[in-house]
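Take a look at the structure below.
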Amino acid sequence: MTTKIAVFASGSGSNFQAIQEAIERGELNAKVELVVTDKPEAFVVTRAKQFGIPVHAFSAKSYTSKEEYEAEIVALLRDRKIEWVVLAGYMRLIGHTLLSAYSNRIVNIHPSLLPSFPGKDAIGQAMDHGVKVTGVTVHFVDEGMDTGPILAQAAVEVVDGNHEETEARIHAVEHELYTKTLKKLFEN
Ligand code: GAR
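One rule links them: number in the numbering used here = place in the sequence shown (from 1) + 803.
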């Protein structure tokens with residue numbers, strides 16, 4: 804059975820695109836029913852449109868609370884019978900409303916070997932600490948910041964003093980690891 808998913812992103816959306824391309828190649832039996840973004844100007848919106856995937860773009864500041872915008876999102880997800888929420892560079896903490904509606908059905912990817920370097924700019928944090936090896940983690944989402952049970956990890960060697968090159972290596976690993984991990988998850 805094809806798994807119906809929503810991808811949440813706040814930025815470029817390269818992970819979203821990698822997932823969508825894996826679906827189109829027949830490597831992942833899923834359908835991205837909706838892209839959700841809290842950044843209406845983000846490049847992920849352009850990518851979603853290129854694939855003909857509907858987008859729900861919202862501005863958190865137009866709502867009085869997280870509960871309010873998440874309740875609207877939950878209604879959209881339920882309308883489309885979405886089974887899994889896939890966070891791909893969504894830079895907001897998930898609140899109780901979404902967590903309780905999609906309990907154990909929300910996953911995230913993070914550009915470090917968690918529990919090291921949670922939060923923003925994980926690659927910059929790793930480089931500032933001078934680590935030689937960092938990596939990628941896919942994990943279930945709970946109420947914490949990049950916490951929750953770990954599903955998969957892969958190591959990536961830091962390119963000394965070169966953030967851009969290190970990031971490119973991390974992205975390449977993310978694109979492969981996320982698809983593989985989602986495939987296992989949806990098949991179980
Ligand atoms: C990815 O590296 C992802 O791991 C990271 O944001 C980037 C989004 O890139 N997520 C986090 O830092 C979550 N705490 P993309 O928009 O090109 O997919």
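Ideal Cβ placement from N, Cα and C applies to all residues, glycine included. None of these values were measured; they are calculated from a predicted model.
beta-carbon residue i near the ligand GAR non-hydrogen atom, thresh 7 Å
{"i": "residue 830", "result": "no"}
{"i": "residue 819", "result": "yes"}
{"i": "residue 912", "result": "yes"}
{"i": "residue 993", "result": "Examination of residue 993 is not possible in this model, given that the chain is present from 804 through 991 alone."}
{"i": "residue 974", "result": "yes"}
{"i": "residue 847", "result": "yes"}
{"i": "residue 977", "result": "yes"}
{"i": "residue 892", "result": "yes"}
{"i": "residue 825", "result": "no"}
{"i": "residue 949", "result": "yes"}
{"i": "residue 812", "result": "yes"}
{"i": "residue 929", "result": "no"}
Of the residues the options, the one placed nearest residue i, counting alpha carbons only
{"i": "residue 816", "options": "826, 893, 827, 952", "result": "893"}
{"i": "residue 937", "options": "972, 948, 904", "result": "972"}
{"i": "residue 914", "options": "969, 829, 819", "result": "969"}
{"i": "residue 945", "options": "899, 820, 809", "result": "899"}
{"i": "residue 907", "options": "813, 927, 886, 926", "result": "886"}
{"i": "residue 822", "options": "889, 929, 846, 859", "result": "889"}
{"i": "residue 918", "options": "975, 989, 948", "result": "948"}
{"i": "residue 904", "options": "990, 916, 879", "result": "879"}
{"i": "residue 980", "options": "964, 814, 818", "result": "818"}
{"i": "residue 858", "options": "926, 809, 976, 932", "result": "809"}
{"i": "residue 975", "options": "964, 963, 912, 868", "result": "912"}
{"i": "residue 902", "options": "927, 869, 916", "result": "869"}
Which residues DSSP lists as bridging residue i, in chain order
{"i": "residue 859", "result": "839"}
{"i": "residue 960", "result": "936"}
{"i": "residue 755", "result": "Residue 755 is absent from the model: the chain starts at 804 and stops at 991."}
{"i": "residue 912", "result": "941"}
{"i": "residue 896", "result": "Partner(s): none; residue 896 has no beta bridge."}
Cβ separation of residue i and residue j, assumed to be a contact under 8 Å, to the nearest whole Å
{"i": "residue 883", "j": "residue 836", "result": "4 Å"}
{"i": "residue 848", "j": "residue 833", "result": "That pair is no contact at about 20 Å."}
{"i": "residue 961", "j": "residue 930", "result": "6 Å"}
{"i": "residue 989", "j": "residue 891", "result": "Incorrect: roughly 15 Å between the Cβ atoms, too far for contact."}
{"i": "residue 813", "j": "residue 845", "result": "6 Å"}
Inter-stretch contact (C-beta, 8 Å, three-pair minimum) for the region 941–959 and the region 978–987: Under the Cβ criterion (8 Å, minimum of three pairs), the region 941–959 counts as touching the region 978–987.
Stretch-stretch touch, CB-based, cutoff 8 Å, three pairs: the region 848–867 with the region 951–968: Output reads no: the region 951–968 does not touch the region 848–867.
Validate contact between the region 912–923 and the region 875–885 using beta carbons, cut 8 Å, 3 pairs: With the cut-off at 8 Å, the region 912–923 and the region 875–885 do not touch.
The region 882–902 in contact with the region 824–842 per 3-pair CB rule at 8 Å: These segments touch.
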